[in-house]
Amino acid sequence: MSTIELHGLTKAFGDLTAVKSIDLTVAAGEVVCLLGPSGCGKTTTLRMIAGLEQETEGEIRIGGTRVNRLTPAERNVAMVFQFYALYPTLTVRENLAYPLHADRLDAGAIEGHVRRVSGLLHLDAVLNQRPGQLAEGEKQRVAVGRAIVRDPNCFLFDEPLSRLDVQLREEMRSQIKEVLEGLNKATVIVTHDQLEALTMADRIAVMRHGVIEQCASPHDIFAKPANLFVAGFIGTPQMNLLPAVLIGSDDCGVRQGTVTSSARFRIGEGTITLAVDPAVGRLAPESSVTLGIRPRGLELVAEPQADSLAARIDLIEPMGAETLLHLVDGSLEFRIVVDRRTEARVGERVNLRFRPGQTHVFDGSEQRVAS
Amino acid sequence: MAARVVSRNVRQARPGWAALATIVSLIYFFPVLWIILTAFKTYNDALAVPPEWLFTPTLENFFSVFSRAMTYQGAAVDTGFDLFFFNSIFIAMTSVAVALVIGTAAAYGFSRYPLKGNDTYLFIILTTRMLPPIVVIIPIFIMFREVGLSGTYLGVILLYTAFNLPFTIWMMKSFFDELSREVEDAARMDGSSEAKVFFKICLPQVIPGLAATAVFGLILTWNEYLFALLLTGVETRTVPVAMGQTIGGAIGVRWGLLAAIETLFLIPVVSVTFLLQNQLLRGVTFGTVKR
Amino acid sequence: MAVAASGVRTRGGFLALSWSNWPLALVAALIVIALAVWLLPGTVAFWVSLAAAAVVAFTAVAFAYGRRNNGALLVAPAVALLVVMNIFPLLWSLGLSFFRYKANSIQPPAWLGIANFATVLTSADVWDRLRTTGLIMILTVSCQLVVGFLLALLFEKQFRGRRVLLMLVLTPMMLSYVAVGAFFRYYYEPTFGLLSQFVRIFTGEPFLLLNTPWGARAGIVFADAWMWSPFVMLLVLAGLVSVPSYLYEAAEIDRASWWRKFRTITFPYIRGLLLLALLFRTIEAFKLFDVVFLLNEGGPGTSNETIALYIYRQSFQYNKTSYSTALAYIMLFVVVVLTNLYLYAVNRRAREAA
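Protein chains in written order, with our numbering: chain A, 1 to 371; chain B, 1001 to 1291; chain C, 2001 to 2354.
Here is the structure:
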């Protein structure tokens, strides 16, 4: 049974607590991404699972067994390092075969495994070369190959794609995903690239300052961010986060099958009325909130409306099929993504309408208000 | 990362390791320790059979080193070691300093203005360090005598400087090679003269190299015996030569005195090495190992 | 000579009279020096030769830097000093070895051609000393490599007091040879020496070491290896410390045994440095003088007289100056050959790895 469980895992380096009592469970065959900015503790967590760092407090279970006291070798985990950590004096074939020596297989069996992995990752051409002679992408594949050539309890990836250029990254993303699906082992991937996380993970654990801010499926992370940090971290271009004050919320209504409330906010110089989650009704009037709406959740309209705001175009960024507009109104800044054919000029005043049901409301403690 | 990671040393060694290392180190250090202990013994204690482990320490040997009241066959004789210590320190420091100056300049020249066959020239320079001293000792001896440099400070300093040069050039060149040119180019574009680029930008970055070279040069010249024996005069004699003469006496070796001299002689070189321990590692590998 | 073989072309061809025509200057200088030594009285010959050497140095530097004055200015002082102190005496020695010259006689040197070299190479004494030197060399260098390596393993990991203990182990290198020679003689002394007293605990008899050839050999090797193993340790330690930690981490994850980790990760990193240590210590062992001289003067008798000590005696005690210079030159030749072999091996390995 290949699972990973973390209970109250903590790691302190002297005065600095890098990981603060996190709990996480990874089921067999599930891919969990630890996502977050640098310094959030994700790599430290991964290394603790591997046994390369000693935890300060807490428990780690792999396959149900408590492994706190076991060395990395005894835990039988496989890891792909950020810097690949390929053995420079060995050929690719010997690198791939390296982990198998501990299983005491005969040469034929070892060769068989090596061939299997090499075929899977298209490494047949470079089997006799040394890491120093390989291209970046090939090195990465060898590192992955070395991990999957054996039958470990789980897989750990430390920023596997961070050293590849954009094109290679796309290729390897899908390849790794394919490979992992076939293997059915608990997998933890550490990354700071949200695109990687969104595409490869079954669940994403967004981390900040040693704490898991939210652990949910990619869809939920995107559509239902638990707090301001997650909302701002996930999604490119970044979500608009606008400070506002709740004036009042009115009766519930039903809109497109979802129960919503209509709430009025004071924002910038004006006010806006939006359909939001009914839980907003629990907030006291005059409470400070933050409104979150993604750049694609706004649209340009000709006339001002109850659920629109006016702003002046400040910067135009063509993005190919779409265009990103930066707008300013007083102290408020907006980002909106429009079709590339939309006409826009810098300095032009336009109306931004908040598409219905797309607005998130975050309360004073940065939590999303939701029922 | 707050934890201290020293390359390979991800984890501390096993708990018993410090004890093992201590035992081995002390055994290895024992002959040196004995010399230091002997420095504090009287003549009889030093030769005692079985060896005296607990003895009353005396400082008389240390006083003898510098005092002029030592007797030799009944006559008062200058030990003169204050002069010899001064000579050793002066000669070593000067030759290391001079070698550093002209060697670093040459290294910069080799690094920034490379020639075709640069490697060959550097190799030749390196081989001069590998010369058996015997090969050059006779001509140098004659040369010094002819030119009147025999027994002078200048002569010995020139020679030791020449000894230190190959190593200095190699070390400093490897340091200069590693510097990023971009910063220098930026400074040049800002209008700095070549001299300013060298002094303000390159030089500060290679200070570890200077330290390592200085330590090695010091160790090399400090204990040098053969050339000092032949090329220093009465006034310019260095400590090793003087020590050698202390041994050859009709009264037999004054072990305590010798030990005291050596103990004192060790202090400067050990202190410098201890302070610059980290640089030493780099220096020993001729800068060939990247940290 | 290696310099001439670098294939540089001078402006205007070989015979052009210009300040940067160093090959011409070199050849001319050699001729001038040979003639001077042969024909002119000592002092004058000396100054003439020195002038010739200076001209060669100057032309070499001028050639090398041509239009780029900066480089020349930087390099010239060092080159000049090296030429005067090293190259010139070398050439002088070489010249000297073709004559019969005795430093204490007032007779002018007599041309012998290669007779000196012939005498040297056929002398039984010389071969005997070479054998002795070789023997001591092999023994001491092997000891140094083994002990140095073990010490490096000891100091590889971080532990409390490492800095201080490392310092203790480095002190033997910093002792003066005189002190080492004298005190090890003291340690080996049969009546009050520490070694003898230690052995006497078991055998009850005083232990004599330095009075037999092999005993003295053991004494020399022990003292020399003790002094210089820390040097090997430093080299190996530098290599051990430079291994990236993530390689060891990967090997731990891959469940490699200790031996496997050593063979595939550690050893390749230190191999180059071990070779470097081997080269340096071998050359130093070949030149071995101080310890041998100061411990026992190459005794008993001349059984442990190393080649360097032999040359020294021939020169300064027997005044057979040119004979000993010829021999010294042969020694130099060996050293250069060894160094070239090493560099060849290193380059080949570097090319393989690339």
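A virtual CB, placed ideally from N, CA and C, is assigned to each residue, including glycine.
Going by other Cβ atoms of all chains shown within 10 Å of its Cβ, with 16 needed for buried, is TYR1108/B buried or exposed?
-> Label assigned to TYR1108/B: buried.
Buried or exposed by the 16-neighbour rule on C-beta atoms within 10 Å, applied to PRO318/A | Counting Cβ neighbours within 10 Å, PRO318/A comes out exposed, since fewer than 16 surround it.
Would you mind stating whether ILE1089/B and VAL1156/B have Cβ atoms separated by less than 8 angstroms?
-> no
Closer than 8 angstroms to chain C by CB, MET1171/B = no
Whole alpha helix (DSSP H) runs in the segment 2136-2196 of chain C with 4 or more residues, listed along the chain?
-> 2162-2174, 2177-2188
Please name the residues in the segment 180-209 of chain A whose beta-carbon is closer than 9 angstroms to at least one beta-carbon of chain C, in chain order.
-> Correct list: empty, as no residue qualifies.
Check each residue of the segment 48-77 of chain A: if its Cβ is closer than 9 angstroms to any Cβ of chain C, include it; give the result in chain order.
-> ALA50, GLY51, LEU52, THR71, PRO72, ALA73, GLU74, ARG75, ASN76, VAL77
Under 9 angstroms Cβ-Cβ, which residues of chain A neighbour ALA1979/C?
-> Here chain C covers residues 2001 to 2354 and nothing more, so residue 1979/C does not appear.
Give a yes or no on whether the minimum CB-CB distance between SER371/A and chain C is below 8 angstroms.
-> no
Count the other CB atoms, across all protein chains shown, that sit within 10 Å of the CB of LEU16/A; report buried if there are 16 or more and exposed otherwise.
-> LEU16/A counts as exposed, since fewer than 16 other beta carbons sit within 10 angstroms of its beta carbon.
When burial is assigned at 16 or more other CB atoms within 10 Å of the CB, is ALA2036/C buried or exposed?
-> buried
Report yes if the C-beta distance between VAL2061/C and ALA2029/C is below 8 angstroms; otherwise report no.
-> no
For the alpha helix (DSSP H) holding VAL1197/B, just list the boundary residues, first then last.
-> Note, VAL1197/B: premise wrong, no alpha helix (DSSP H); not H, not E.
Same chain, Cβ closer than 8 angstroms to ALA28/A, neighbours up to 5 away in sequence not counted | So the qualifying residues of the chain are MET1, SER2, THR3, ASN184, LYS185, ALA186.
What residues of chain C sit near ILE79/A, judged by a beta carbon separation below 7 angstroms?
-> The identity of residue 79/A in the sequence shown is Met, whereas the question assumes Ile. What MET79/A touches in chain C: ILE2253.
Of all Cβ atoms in chain C, is any one closer than 8 angstroms to the Cβ of SER1271/B?
-> no
Candidates ARG1112/B, PHE1066/B, PHE1265/B, PHE1084/B, of which the one nearest GLU1235/B by Cα | PHE1084/B
Return the CA-CA distance between GLU2297/C and GLU2305/C, expressed in angstroms with no decimal places.
-> 8 angstroms
Contact under 8 angstroms by Cβ, VAL2169/C with MET2227/C | no
Consider the Cβ of ASN1164/B: report whether some Cβ of chain C lies at a distance smaller than 8 angstroms.
-> no
Min CB distance PHE83/A to chain C below 8 angstroms | yes
Cβ pair ALA78/A, PRO152/A closer than 8 angstroms = yes
Compute the Euclidean distance between the alpha carbons of ARG2217/C and ILE2136/C, then round it to the nearest angstrom.
-> Between the alpha carbons of ARG2217/C and ILE2136/C lies a gap of roughly 7 angstroms.
Could you give the distance in angstroms between the alpha-carbon of GLU2249/C and the alpha-carbon of TYR2329/C?
-> 52 angstroms
Note down, in chain order, every chain C residue with its Cβ under 7 angstroms from the Cβ of THR89/A.
-> THR2264, PRO2268
In terms of DSSP beta bridges, what is GLU299/A paired with?
-> Looking at the DSSP output, GLU299/A sits in a beta bridge with ARG353/A.
For LEU1277/B, return the contacting residues in chain C, with the cut-off set at a CB-CB distance below 9 angstroms.
-> One point to set straight first is that residue 1277/B is Gln, not Leu, in the sequence displayed. Within 9 angstroms Cβ-Cβ: ARG2163, LEU2166, MET2167, LEU2170.
MET1093/B versus chain C: which residues are under 8 angstroms apart at the beta carbon?
-> Taking the beta carbon of MET1093/B as reference, no residue of chain C falls within 8 angstroms; the closest one sits roughly 16 angstroms away.
Taking the DSSP output, what are the residues bridged to ARG61/A?
-> GLU5/A, ARG66/A
So, does the CB of ILE2417/C fall closer than 8 angstroms to a CB anywhere in chain B?
-> Examination of residue 2417/C is not possible in this model, given that chain C is present from 2001 through 2354 alone.
Closer than 8 angstroms to chain C by CB, ASN1223/B = yes
For ASP15/A, which of helix, strand or coil comes out of DSSP?
-> Secondary structure of ASP15/A (DSSP, three-state): coil.
Counted within 10 angstroms of its Cβ, other Cβ atoms place THR2212/C as buried (16 or more) or exposed | exposed
Reducing DSSP to helix, strand and coil, say where ALA1069/B ends up.
-> With a pLDDT of 48 at ALA1069/B, under the threshold of 50, the modelled position of this residue cannot be trusted, and the question is left open.
Of the listed residues THR323/A, SER162/A, ILE110/A, nearest to PRO237/A (C-alpha basis) | THR323/A
When DSSP labels each residue in this structure, what does HIS360/A get in the three-state scheme?
-> In this structure, DSSP gives HIS360/A an extended state, which the three-state scheme calls strand.
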